[in-house]
Ligand code: NAD
Ligand code: UD1
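Residue numbers (the working numbering): 26 to 361.
What follows is the structure, encoded as structure tokens:
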């Protein structure tokens with residue numbers, strides 16, 4: 026029995042595929058390389074020392090998916106494939122709704138038709154919106170998303186929950202990620218954004234390597250300990266391990282379960298800059314600028330449900346996240 030990993034050539038999917046292969050799972054990766062490169066697959070092989078099947082396929086291609094299910098005995102799907110840039114989603118909402126929601130519906134149809142009813146889905150802390158206080162718990166009301174990307178995550182959670190309500194044989198595990206950063210210790214894979222990064226850590230590493238002149242800190246007048254935004258950064262390898270626990274849960278029986286994957290610790294933008302400088306020995310020039318539209322002051326998880334029910338908790342601290350992000354950037358100044 027195999028695990029199908031959609032979006033497995035991407036940042037989180039590649040790290041998760043390595044952990045799966047190293048734990049003895051039979052892995053099938055599917056990706057359309059919209060936001061990743063074939064080289065990622067070579068690196069997964071090199072790091073894991075194992076092999077896997079690969080399909081270049083789009084999750085909106087029902088016939089392509091049917092072929093993947095017909096040719097393999099797939100027990101469960103870990104579904105990472107999707108578009109994830111917040112700013113781009115505001116400019117191209119239809120593409121985001123079609124790819125993320127339409128693609129997930131097509132994937133679930135193919136799963137249903139093949140009799141495979143176990144899915145682990147990549148959701149996001151963004152579904153908590155801006156009205157819930159941190160620490161964020163899974164039983165707080167989701168909603169109030171502020172951009173089409175976030176809304177796709179919210180709607181997909183609804184699609185999956187309606188699917189489970191219609192047929193209790195499904196086993197759905199929804200994972201709400203906080204802020205994944207860091208990279209595999211080998212320095213062979215990591216986050217490889219196209220163009221100018223939107224997110225904090227890739228921006229910092231590109232300043233440190235000299236590709237960008239300085240970091241713009243988006244506001245220092247938030248009600249936080251130093252005025253800059255506070256987030257729950259989580260090492261991508263911890264996140265990958267969380268998927269192993271989630272897929273075990275999905276395979277153990279039917280149900281609909283939602284878990285935060287975070288550390289429960291909040292760090293400000295300036296805390297991260299300082300931790301990065303210490304871990305890398307590089308200075309990071311920064312300029313305080315205005316707030317970014319749609320940002321909130323503080324967002325961190327209560328990760329206790331995942332610990333209690335999945336037996337998972339994050340192991341890495343901010344120092345390792347920064348050191349590993351830098352190791353990846355330093356070894357791959359132009360990405361993959
Ligand atoms: P990523 O862009 O690196 O990986 C996504 C992969 O999906 C890419 O390889 C891309 O080519 C592929 N893909 C996109 N659309 C596809 C389609 N229609 N058919 C087949 N493949 C397709 O992103 P990531 O950071 O690894 O994120 C993985 C998932 O986790 C996404 O769903 C994302 O929304 C979610 N997520 C990410 C973060 C984060 O900060 N990175 C946070 C919360 C949730
Ligand atoms: C972003 C996404 C969110 C997604 C989350 C998970 C946006 C608006 N939101 O959230 O949907 O679920 O990633 O990874 O993109 N910052 C700077 N300068 C920069 C970049 C960021 O000061 O150049 C600050 C931000 O204001 C924020 C913190 O750094 O306080 C983290 O930002 P970012 O990495 O973009 O993540 P989120 O905003 O938490």
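Even glycine gets a Cβ: it sits at the ideal position worked out from N, Cα and C.
Would you report the Cα separation of residue i and residue j, rounded to the nearest angstrom?
{"i": "residue 1", "j": "residue 354", "result": "Missing from the structure shown is residue 1; the chain here goes from 26 to 361 and no further."}
{"i": "residue 252", "j": "residue 352", "result": "29 Å"}
{"i": "residue 305", "j": "residue 345", "result": "10 Å"}
{"i": "residue 224", "j": "residue 177", "result": "19 Å"}
{"i": "residue 314", "j": "residue 347", "result": "23 Å"}
{"i": "residue 296", "j": "residue 193", "result": "45 Å"}
{"i": "residue 105", "j": "residue 332", "result": "22 Å"}
{"i": "residue 278", "j": "residue 72", "result": "32 Å"}
{"i": "residue 157", "j": "residue 151", "result": "11 Å"}
{"i": "residue 36", "j": "residue 229", "result": "17 Å"}
{"i": "residue 356", "j": "residue 210", "result": "11 Å"}
{"i": "residue 129", "j": "residue 181", "result": "7 Å"}
{"i": "residue 238", "j": "residue 133", "result": "44 Å"}
{"i": "residue 179", "j": "residue 63", "result": "30 Å"}
{"i": "residue 275", "j": "residue 199", "result": "10 Å"}
{"i": "residue 204", "j": "residue 108", "result": "16 Å"}
Assuming contact is defined by CB atoms lying nearer than 8 Å, are residue i and residue j in contact in what I supplied?
{"i": "residue 145", "j": "residue 261", "result": "no"}
{"i": "residue 88", "j": "residue 53", "result": "no"}
{"i": "residue 283", "j": "residue 201", "result": "yes"}
{"i": "residue 142", "j": "residue 196", "result": "yes"}
{"i": "residue 32", "j": "residue 85", "result": "no"}
{"i": "residue 39", "j": "residue 65", "result": "yes"}
{"i": "residue 29", "j": "residue 99", "result": "yes"}
{"i": "residue 102", "j": "residue 136", "result": "yes"}
{"i": "residue 320", "j": "residue 208", "result": "no"}
{"i": "residue 310", "j": "residue 232", "result": "yes"}
{"i": "residue 286", "j": "residue 264", "result": "yes"}
With hydrogens ignored, establish whether the beta-carbon of residue i is closer than 7 Å to any heavy atom of the ligand UD1.
{"i": "residue 149", "result": "yes"}
{"i": "residue 174", "result": "yes"}
{"i": "residue 137", "result": "no"}
{"i": "residue 223", "result": "yes"}
{"i": "residue 251", "result": "no"}
{"i": "residue 324", "result": "yes"}
{"i": "residue 187", "result": "no"}
{"i": "residue 38", "result": "no"}
{"i": "residue 281", "result": "no"}
Can you determine whether any heavy atom of the ligand NAD sits closer than 7 Å to the C-beta of residue i, and answer yes or no?
{"i": "residue 106", "result": "yes"}
{"i": "residue 256", "result": "no"}
{"i": "residue 84", "result": "yes"}
{"i": "residue 328", "result": "no"}
{"i": "residue 122", "result": "no"}
{"i": "residue 16", "result": "What the structure shows of the chain is the stretch from 26 to 361, and residue 16 is not part of that stretch, so it cannot be assessed."}
{"i": "residue 109", "result": "yes"}
{"i": "residue 114", "result": "no"}
{"i": "residue 79", "result": "no"}
{"i": "residue 56", "result": "yes"}
{"i": "residue 204", "result": "yes"}
{"i": "residue 357", "result": "no"}
Give a yes or no on whether 8 Å exceeds the smallest Cβ distance from residue i to chain C.
{"i": "residue 183", "result": "In summary, chain C is missing from the structure at hand, where a single protein chain is found."}
The region 208-215 contacting the region 32-45, beta-carbon criterion three pairs below 8 Å: yes
Count Cβ pairs between the region 120-129 and the region 93-100 that sit closer than 8 Å; are there 3 or more? no
For the region 289-309 and the region 332-343, state whether three or more C-beta atom pairs, one from each stretch, are separated by less than 8 Å. yes
Pairs of beta-carbons, one from the region 51-62 and one from the region 78-86, closer than 8 Å: are there three or more? yes
How about the region 319-338 and the region 157-174: do they share at least three Cβ pairs that are nearer than 8 Å? yes
Examine the Cβ distances between the region 239-256 and the region 166-182 and report whether three or more of them are shorter than 8 Å. no
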